[in-house]
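Residue numbers (this note's numbering), protein chains in the order written: chain A, 1 to 734; chain B, 1 to 338.
Structure first, commentary second.
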Amino acid sequence: MNAYVGTSTSRVDGRAKVTGAAKYAGEFAADGLLHGFVVEATIARGRIARLDTSEALKVKGVVDVLTHARRPPLADKDEAWKDEVAPEKGSPFRPLYDDRIKFNGQPIALVVAEDWETAKFAATRVRVEYEQEAFATDLESERDKAEKVDQPHKPRGDAAAALTRAAVRHEADYVLPSEHHNPMELFATTAVWDGSGGLTVYDKTQGVQNVQKFLCSVFGKKPDDIRVISPYVGGAFGSGLRPQHQVVLATLAALALKRSVRVVLTRQQMYGLGYRPMTIERVALGAKPDGTLDAIKHEAIAVTSRYEDFSRNDTGWAEQLYKSPNSNFSHKLVDLDVSTPCDMRAPGAATGVCALECAMDELAVALKLDPVELRLRCYSDRDQSEDLPYTSKQLRECYARGAEAFGWSRRNPAPRSMRDGKELVGWGMATGVWEALQMPVAVRIVLTANGHAEVSCAASDIGTGTYTIVAQVAADALGLPIENISVRLADSTLPQAPVEGGSWMAASSAHAVLGAAEEIRRELARLAKAMSGSPLADLDAANATLTDGMIASSEGRGAAVSIADVMRHSKLERIEKEKLNQFAEDKSHARNTHSAVFAEVKIDEELGIIRVTRIVNAVAAGRILNTKTGRSQIMGGVVWGIGMALHEETVMDHRFGRIMNANIAEYHIPVNADVHDIDVIFVDEPDDRINRLGIKGLGEIGIVGVPAAIANAVYHATGKRIRRFPITLDKLLE
Amino acid sequence: MNNFQYSRASDVADAIRLLAADPGAKLIAGGTNLIDLMKENVERPSRLIDISRLPLRDIEETADGGLRIGALVPNSDLAYHPLIEQRYPLLASAILAGASAQLRNMASVGGNLMQRTRCPYFYDTTTPCNKRSPGAGCSAMDGLNRNHAILGTSTSCIATNPSDMSVALAALGALVHIARPSGQRTIALTDFHRLPEDKPHLDTNLGSGEIITAIELPPHGFARNYSYLKIRDRLSYAFALVSVAAALELEGNAIGEARLALGGVAHKPWRSLEAEAALRGQAATPDHFGRAADLLLQGATARSHNGFKIDLARRAIVRTLMQAASATPQSQAHKKIA
């Protein structure tokens, strides 16, 4: 039954991607295609006093310039602009809606021309005058204006009192900067006009049905008027969860001009989209001398825009990880004149767990305890927020396997005690945790008499490998070779799926495939029994199995019949089944993935140069559907974690309220030279409670804990505790 | 990007004529920096004069035993040329410390000398910048200046020259050959770039209508004791916070000739004859190297965020001289500082 699930099956779309056959949103052609270029605001707050497009319109090849004063109607109610990922509170941004400027880089006009270069040139001819207003973009100077949002969890006990009486206490602020996703593929939309009012919109998105519903409500269209397709996505990491400016602008222009329009954002313009918000994390830990915790307090102060409250759970993760009778968590927001932040890989956890795990390291030092030992002494077998057991939690095994692979037992605990030539050597570790969510997804399977199956679903594959795991699960469930499975994804007309995010798509799509395959199997069993003179006349549908193109009884009695014969006898060319899979609600257990990350740094102290020479990431995430794509997922997370620790920072000049490193030359991410050995270990974690296949999802867990492990290694190497990320060399030289 | 005219020069004289005929014209060879600046509307040439096909791609030995390098030799070809690798490995190393393989394949030697600062305010046309718009003011002075100049700054500009190649050329005492309407001239590379003073819009002393035709390397290549060390925020593909080109002539442990130049710290490659003179005749020891570093960094000043560069430069100078003295030059391929 499991020829493919659990193996290192290569990506089924790999060839298409490396040969260029895979088409992305900005690559779809259409007759008479026009190109739009976005004009952006250059102030942080105020209103447009005058917007003069006359010079731009004179440029040969320019078809139109759309502005708030010249555009087709847009919905005026906030509800119409709320996509399925929009923050509950707030009024979503509406491009070209009115004359208000809410952030620097806001789109204020779209120049539409016969070709992209002409549109780009003409965009420089749009003259704008502003009425500027006082603005604020600096979280640290506005910190006092922070306002509390809903806490992630209710407080337990009295953390403040417990901290006061704690034998050993640690309290500090950890500062994590804003970061941008920088997916390789630029945000792009090609809106294809069908000549009679309908649009096919090719969009870079993590959720085609989310975009389709959003466009219909924003433009007052009927569901059949707009179809959204996004077959391949060149990375998104959360930046494509919400419909972005370019899809609104391309659709707007296509409707205005009744022609097909493509809008591709530049790399610089993508810094006007969402981002991981800068967050100040204050963690306070109180421990008993034996290394058990008595108090945990974690407060986060994060950036949001003035028009929407974006917040994630930064602070509550200790409830899953560390036993403490007293705990208090709070999340605060500061409204600034910036665009709304959005999800970025492991939103909340990447930052919040970073602070918590640095703080735990500092506590271990204060207690003179090994950092792994401290975590074992505080280990929580229950999720304390709801006092629930886990469906599975092999975190202890992660610590053990990770430590063994890393050689942790050879660590000299004293800072500055380990060397390699000129370099100081530091070994640090941290815990990672994420949620194991699962969502309703529907899948349609069409089995044809030639033994081929088409599996289709509206879910996106954002580069994570959804095409591949869907094919693997379908091949096993239908008993077919994977070559006979074709997968169609990311078309809004296909069976329902939520946005791809939160690490939920692997479990959700896999079980939807199982559900639809089950229907196919039942139908085949029914047909097989009904065949005249059927050797499977006594077959119980519940015991039917599909293997190697044959249907048989799992009880092993009686003969097997080929599926092709069943269909031929039944005079059927195809069997089509669609099934929506809903997971049974289970409030009796917590569902999480976990990891233990071990990092080695080598530091040239004189010059402040840090190299991350080794990372071991031991992950417990249920059954791994595909060990190859799964390992790639974790490696990608680790590399990003190196970036969080050492490189990444969106730098803003608060005098202008403007991002000054909006390009990937100056916004640093790790390059090959910064990446050394990465060892990914998947710890066995059987879980027959969470879902049928025991799947938890791997999208986010790979990054969580990595920046803290590196920061803790830097401390171990140098004796210097850097609490302001990224850890650049000037901070080490201070 | 603005519209522009395009001309292809048939020879050097033609390029000079075309330049003289259109004051808004710019030469283009590899275009690795100019095209970026045009896309950002920082450079808005009325005409591009394509010189990429001119016959300036030779590397030839000169009568005195030096080398003459055509202005259009690609950076990669120069770095991997056997004569450069054998006789001027400092230059090869500096080139390989810069940019990426793809950029080095396109970029020309002359274009490398002409590349402009990466100051973010220079690139962002919505912010004031004296280099881009003379008289507009300097946003970096009291803004984001973590990677700005510490030497030779003025009250109007604290931008740095981003070239790695130029730092090695400065240390090696290279000459720049220039063709102009009235003939030829030759200047020292150290006089080619200028300090910002009150005219930061001028990066170099290249006059209007002038074209770089070649770089000349003097015979002495310091092939035995040299090193180029580039300190940056990641281990590759980033501009220098500080870079050091060091070259020594050693007899035993005694220093004969010494060359020392800094990158990433000033509007031009920074060299001090005084610092080099102080090394001559001394033993190759960290103390003497530290003293030379102090002389080279004399007058260094910091703005709000770049003070660390002064101390970092001192440390980097000593380290690079140690690498040079021990004949263990910094590798540009290994993921590690030697």
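Glycine is no exception: its CB is placed at the ideal position from the N, C-alpha and C atoms.
If you're wondering where the values come from, they're calculated on a predicted model, not measured in any experiment.
With burial defined as no fewer than 16 other Cβ atoms inside 10 Å of the residue's Cβ, what is the status of residue 508 of chain A: buried or exposed? Your numbering for residue 508 of chain A matches position 508 in the first sequence. Burial call: buried.
Which one of B/246, B/207 and B/289 has the shortest CA to CA distance from residue 269 of chain B? In the second sequence, residue 269 of chain B corresponds to position 269, counting from 1. That would be B/246, whose Cα lies nearest to the Cα of residue 269 of chain B.
Cβ-based contacts, 9 Å cut-off: residues of the region 113-143 of chain A near chain B: 117, 120, 121 and 124
Residues in the region 667-697 of chain A having any Cβ partner in chain B nearer than 9 Å: 668, 669, 670, 671, 672, 673, 674, 675 and 676
With a Cβ-Cβ cutoff of 8 Å, do residue 244 of chain A and residue 464 of chain A count as a contact? Residue mapping note: residue 244 of chain A aligns to position 244 of the first sequence, counting from 1. Residue mapping note: residue 464 of chain A aligns to position 464 of the first sequence, counting from 1. Cβ distance not < 8 Å, so residue 244 of chain A and residue 464 of chain A don't count as in contact.
May I have a chain-ordered list of the beta strand (DSSP E) segments no shorter than 3 residues that lie completely inside the region 231-284 of chain B? 242-251 and 254-263
So who's on the other strand from residue 418 of chain A, going by DSSP bridges? If you number the first sequence from 1, residue 418 of chain A lands on position 418. Looking at the DSSP assignment, residue 418 of chain A forms a beta bridge with A/425.
If I measure Cβ to Cβ from residue 731 of chain A and keep anything under 6 Å in the same chain, skipping five residues before and after, which residues do I get? As a first step, residue 731 of chain A is located in the first sequence; it is residue number 731 there, counting from the start. Result list for residue 731 of chain A: 722, in chain order.
If we call anything under 8 Å between Cβ atoms a contact, is residue 74 of chain B one with residue 108 of chain B? Here the question's residue 74 of chain B lines up with position 74 in the second sequence. Here the question's residue 108 of chain B lines up with position 108 in the second sequence. A contact, by the Cβ cut-off of 8 Å.
For the ligand SAH, I want to know if residue 202 of chain B counts as a neighbour, meaning its beta carbon is within less than 7 Å of at least one of the ligand's heavy atoms. Within the structure as shown, the ligand SAH is missing, as the structure has no ligands at all.
Taking the straight line between their C-alpha atoms, what separation do you get for residue 458 of chain A and residue 373 of chain A? Stepping through the first sequence from its first residue, residue 458 of chain A is reached at position 458. Stepping through the first sequence from its first residue, residue 373 of chain A is reached at position 373. Cα to Cα, residue 458 of chain A sits roughly 46 Å from residue 373 of chain A.
Would you mind telling me which residues of chain B sit closer than 9 Å to residue 180 of chain A, beta carbon to beta carbon, in chain order? Along the first sequence, read from residue 1 onward, the residue named residue 180 of chain A stands at position 180. Within 9 Å Cβ-Cβ: nothing; residue 180 of chain A doesn't reach chain B, min ~15 Å.
Quick check on the burial criterion: 16 or more other C-beta atoms within 10 angstroms. Buried or exposed for residue 126 of chain B? Residue mapping note: residue 126 of chain B aligns to position 126 of the second sequence, counting from 1. So residue 126 of chain B counts as exposed.
Would residue 270 of chain A count as contacting chain B if we go by Cβ distances under 8 Å? Locating residue 270 of chain A in the first sequence gives position 270, where the first residue counts as 1. Output row for residue 270 of chain A: interface = no.
Within 8 Å of any Cβ in chain A, is that where the Cβ of residue 38 of chain B sits? Numbered from its first residue, the second sequence carries residue 38 of chain B at position 38. No, residue 38 of chain B lies away from the interface with chain A (no Cβ there is under 8 Å from its Cβ).
Residues near residue 628 of chain A by beta carbon distance below 6 Å, same chain, minus five either side: For the purposes of this step, residue 628 of chain A is taken as the residue at position 628 of the first sequence. For residue 628 of chain A, where only same-chain residues beyond five positions count, the Cβ hits under 6 Å are 8.
Just to confirm before moving on: does the CB-CB distance between residue 160 of chain B and residue 170 of chain B stay below 8 Å? By one-based count along the second sequence, residue 160 of chain B stands at place 160. By one-based count along the second sequence, residue 170 of chain B stands at place 170. No, the pair does not count as a contact, with Cβ atoms beyond the cut-off.
Measuring alpha carbon to alpha carbon, tell me which of A/221, A/104 and A/11 ends up nearest residue 653 of chain A. Against the first sequence, residue 653 of chain A aligns to sequence position 653. Closest option to residue 653 of chain A, Cα to Cα, is A/104.
Should the region 273-280 of chain A be regarded as contacting the region 121-131 of chain A, the criterion being three or more beta carbon pairs within less than 8 Å? no
List the whole-angstrom C-beta distance separating residue 685 of chain A from residue 620 of chain A, where the pair is believed to meet the contact cut-off of C-beta under 8 Å. Taking the first residue of the first sequence as position 1, residue 685 of chain A is located at position 685. Taking the first residue of the first sequence as position 1, residue 620 of chain A is located at position 620. Residue 685 of chain A to residue 620 of chain A, Cβ: 4 Å. Contact.
Cα-Cα separation between residue 24 of chain B and residue 34 of chain B, rounded to whole angstroms: As a working mapping, residue 24 of chain B is identified with position 24 in the second sequence. As a working mapping, residue 34 of chain B is identified with position 34 in the second sequence. In a straight line, the C-alpha of residue 24 of chain B is about 14 Å away from that of residue 34 of chain B.
In chain order, what residues of the same chain lie with their CB nearer than 6 Å to the CB of residue 545 of chain A, ignoring the 5 residues before and after it? Numbered from its first residue, the first sequence carries residue 545 of chain A at position 545. Only 552 and 554 meet the Cβ criterion.
Under DSSP, the beta strand (DSSP E) around residue 553 of chain A begins and ends at which residues? Here residue 553 of chain A is taken as the residue at index 553 of the first sequence, counted from 1. Counting along the chain, the beta strand (DSSP E) containing residue 553 of chain A begins and ends at 550-553.
C-alpha distance - residue 67 of chain B paired with residue 210 of chain B, whole-angstrom precision: Stepping through the second sequence from its first residue, residue 67 of chain B is reached at position 67. Stepping through the second sequence from its first residue, residue 210 of chain B is reached at position 210. Approximately 22 Å between the Cα atoms of the pair.
Straight-line Cα distance separating residue 212 of chain A from residue 201 of chain A: Looking up residue 201 of chain A in the first sequence gives position 201. Looking up residue 212 of chain A in the first sequence gives position 212. Approximately 9 Å between the Cα atoms of the pair.
Roughly how many angstroms separate the alpha carbons of residue 293 of chain B and residue 174 of chain B, rounded to a whole number? As a first step, residue 293 of chain B is located in the second sequence; it is residue number 293 there, counting from the start. As a first step, residue 174 of chain B is located in the second sequence; it is residue number 174 there, counting from the start. Their backbone Cα atoms lie some 22 Å apart in a straight line.
Alpha helix (DSSP H) runs wholly inside the region 29-63 of chain B, at least 4 long, in chain order: 34-39
Going by Cα to Cα distance, which pick from B/167, B/36 and B/56 is closest to residue 91 of chain B? Along the second sequence, one-based indexing puts residue 91 of chain B at 91. Nearest of B/167, B/36 and B/56 to residue 91 of chain B, Cα basis: B/167.
Three-state secondary structure assigned by DSSP to residue 249 of chain A: Taking the first sequence and counting its residues from 1, the one referred to as residue 249 of chain A is at position 249. Residue 249 of chain A falls in the helix class under three-state DSSP.
Could you tell me whether the Cβ atoms of residue 489 of chain A and residue 532 of chain A are closer together than 8 Å? Taking the first sequence and counting its residues from 1, the one referred to as residue 489 of chain A is at position 489. Taking the first sequence and counting its residues from 1, the one referred to as residue 532 of chain A is at position 532. Not closer than 8 Å, so no.
Closest Cβ-Cβ distance between residue 107 of chain B and chain A: below 8 Å? Position 107 of the second sequence holds residue 107 of chain B. With 8 Å as the cut-off, residue 107 of chain B does not count as an interface residue toward chain A.
What does a CB cutoff of less than 6 Å around residue 297 of chain A pick up in its chain, not counting 5 residues either side in sequence? By 1-based counting over the first sequence, the position of residue 297 of chain A is 297. Answer for residue 297 of chain A: 159, 284 and 328, listed in chain order.
Pull up the distance between the alpha-carbon of residue 157 of chain A and that of residue 385 of chain A, whole angstroms please. Here residue 157 of chain A is taken as the residue at index 157 of the first sequence, counted from 1. Here residue 385 of chain A is taken as the residue at index 385 of the first sequence, counted from 1. Looking at the two C-alpha atoms, the distance is approximately 12 Å.
Helix, strand or coil for residue 118 of chain A per DSSP? Here residue 118 of chain A is taken as the residue at index 118 of the first sequence, counted from 1. In the structure shown, residue 118 of chain A sits in a helix (DSSP, three-state: H, G or I).
Neighbour list for residue 57 of chain A in chain E, Cβ cutoff strictly below 8 Å: Annotation note: the requested chain E is absent from the structure, which comprises protein chains A and B.
For residue 14 of chain A, which of helix, strand or coil comes out of DSSP? To locate residue 14 of chain A, count along the first sequence from 1; it is residue 14. Residue state, collapsed to three classes: helix.
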